[in-house]
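Taking the numbering used here, I'd label the letters of the sequence shown as residues 65 to 351. Note that CB positions come from ideal geometry on N, CA and C, so glycine has one too. Notes follow the structure.
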Amino acid sequence: MENDGNANIEFGTCSWNYDSWIGLVYTKKAAYSAAYLSEYSAHYRTVEVDSWFYKLPEADDVAEYRARTDEGFSFSCKLGESISLTHERSRDKTAPLTPNPDFLSVDVYRRYIDALAPIRDRIFLAELEFEYLNKQKMESLSVFMKALETFVRALETAGIRSIVPLGIECRNSNYLKREYFQFLKDHGIAHVFSEKLYLPHIYELYSQHGDLIGDRVAVRLLGGDRKDIEAKTKNVWNDIVDPKPDLIEIASMLRDLAKGSRLVKVYLNNHYEGSAPKSIERLRAIL
Numbered sequence: 065m066e067n068d069g070n071a072n073i074e075f076g077t078c079s080w081n082y083d084s085w086i087g088l089v090y091t092k093k094a095a096y097s098a099a100y101l102s103e104y105s106a107h108y109r110t111v112e113v114d115s116w117f118y119k120l121p122e123a124d125d126v127a128e129y130r131a132r133t134d135e136g137f138s139f140s141c142k143l144g145e146s147i148s149l150t151h152e153r154s155r156d157k158t159a160p161l162t163p164n165p166d167f168l169s170v171d172v173y174r175r176y177i178d179a180l181a182p183i184r185d186r187i188f189l190a191e192l193e194f195e196y197l198n199k200q201k202m203e204s205l206s207v208f209m210k211a212l213e214t215f216v217r218a219l220e221t222a223g224i225r226s227i228v229p230l231g232i233e234c235r236n237s238n239y240l241k242r243e244y245f246q247f248l249k250d251h252g253i254a255h256v257f258s259e260k261l262y263l264p265h266i267y268e269l270y271s272q273h274g275d276l277i278g279d280r281v282a283v284r285l286l287g288g289d290r291k292d293i294e295a296k297t298k299n300v301w302n303d304i305v306d307p308k309p310d311l312i313e314i315a316s317m318l319r320d321l322a323k324g325s326r327l328v329k330v331y332l333n334n335h336y337e338g339s340a341p342k343s344i345e346r347l348r349a350i351l
């Protein structure tokens, strides 16, 4: 396993089930997704579990994830979209919006956390990922923060707030203001930095609000136009096809974030540059 250049920074990837990483991370094709984790964890000390955004974790999967990784390995787990969607998904974009009855539901959150029991002590963050919220879905930042505050207080009342650390990924650039970062700090919620299309660069946000970042933070390097990079790679994720020119700025941010006792987990997506493992190599070299 390579050294990340700072004991407080750990690199991992957004998901791991890619046959095209054979020769980079894996020595041979695995029979199924979880079977890759043993080799994966020999290279990286953390991973983001994306699949649980779409379905409730299954007990056998969670138990196997623990069995195939050692005690120092950590998971950042996306909470289900059933909690973070304000309105139900519809293929008909012209159809009236239907409120999601499970939006920020304490009961649904509890079911997710209960399902994660075998790895709860290994969870770095339980991530609430919100889609871009237009005014039809969320009237304003203040309304959004009020909904989050009500949710967090309900978790506290239910006695489940402190079971796993909570992080939030907000995809509204107009929400990423001083008051929002102050709100997260006041409520002990981690900010999930997301480097992706239509959002300000993460290092620009950090330069403005870095003093409000808490003691643990996730950084997700997701990339730009997904269809464009998929066309370039043909969904073979073993080489850099879209090298980012600002890795030095990102590395500088990571170095600063990792000062003191703060823990920083950096998750790379294949769509960022074309190959998450090779992007990690590039960042490690700079660090």
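Helix, strand or coil for Lys-201, going by three-state DSSP, please let me know.
Assignment of Lys-201 by DSSP, reduced to helix, strand and coil, places it in the coil class.
What do you reckon, are the CB atoms on Leu-332 and Thr-77 nearer than 8 Å?
yes
Less than 8 Å separating the beta-carbons of Arg-175 and Leu-120?
yes
On a CA-only basis, which of Asp-292, Phe-257, Asp-289 is nearest Leu-276? Give me that one, please.
Phe-257
Can you tell me the Cβ-Cβ gap for Lys-291 and Phe-188, rounded? I've got them flagged as a contact below 8 Å.
Between Phe-188 and Lys-291 the Cβ distance is about 31 Å, and since that is not below 8 Å, they are no contact.
Measure the C-alpha to C-alpha separation of Glu-259 and Glu-74 and round it to an integer number of angstroms.
17 Å
Determine whether the beta carbon atoms of Val-172 and Ser-148 lie at a separation below 8 Å.
No Cβ-Cβ contact shorter than 8 Å links Val-172 with Ser-148.
Exposed unless 16 or more other CB atoms sit within 10 angstroms - verdict on Glu-66
Any reading at Glu-66 needs caution, since the residue's pLDDT is 48, under 50, leaving its predicted position unreliable; the model's value is listed next. The residue is exposed, with fewer than 16 neighbouring Cβ atoms inside 10 Å.
So the candidates are Trp-80, Trp-85, Ser-343; which of them puts its Cα closest to the Cα of Ser-140?
Trp-80
What does the alpha-carbon distance come out to for the pair Asp-45 and Ala-94?
In the structure as shown, the chain starts at 65 and stops at 351, and residue 45 therefore has no counterpart that could be examined.
Quick check on Glu-135: buried or exposed, where buried means 16 or more other Cβ atoms within 10 Å of its Cβ?
So Glu-135 ends up on the exposed side.
Under three-state DSSP, which class holds Leu-230?
strand
Nonlocal neighbours in the same chain, by C-beta distance under 7 Å from Asp-303, ignoring five residues either side
Gly-338, Ser-339, Lys-342
In this structure, how does DSSP classify Thr-405 when only helix, strand and coil are distinguished?
With the chain covering 65 to 351 only, the question about residue 405 has no answer from this structure.
What did DSSP end up calling Glu-103 once you bin it into helix, strand or coil?
It is helical.
Between the alpha carbons of Lys-157 and Leu-261, how many angstroms are there, rounded?
Spanning the two alpha carbons is a distance of roughly 21 Å.
So, with DSSP's three-state summary, where would you put Ser-325?
DSSP places Ser-325 in coil when its eight states are reduced to three.
According to the neighbour-count rule (16 or more other Cβ atoms, all chains shown, within 10 Å of its Cβ), is Tyr-96 buried or exposed?
Here Tyr-96 is exposed: its Cβ has fewer than 16 other Cβ atoms, across all protein chains shown, within 10 Å.
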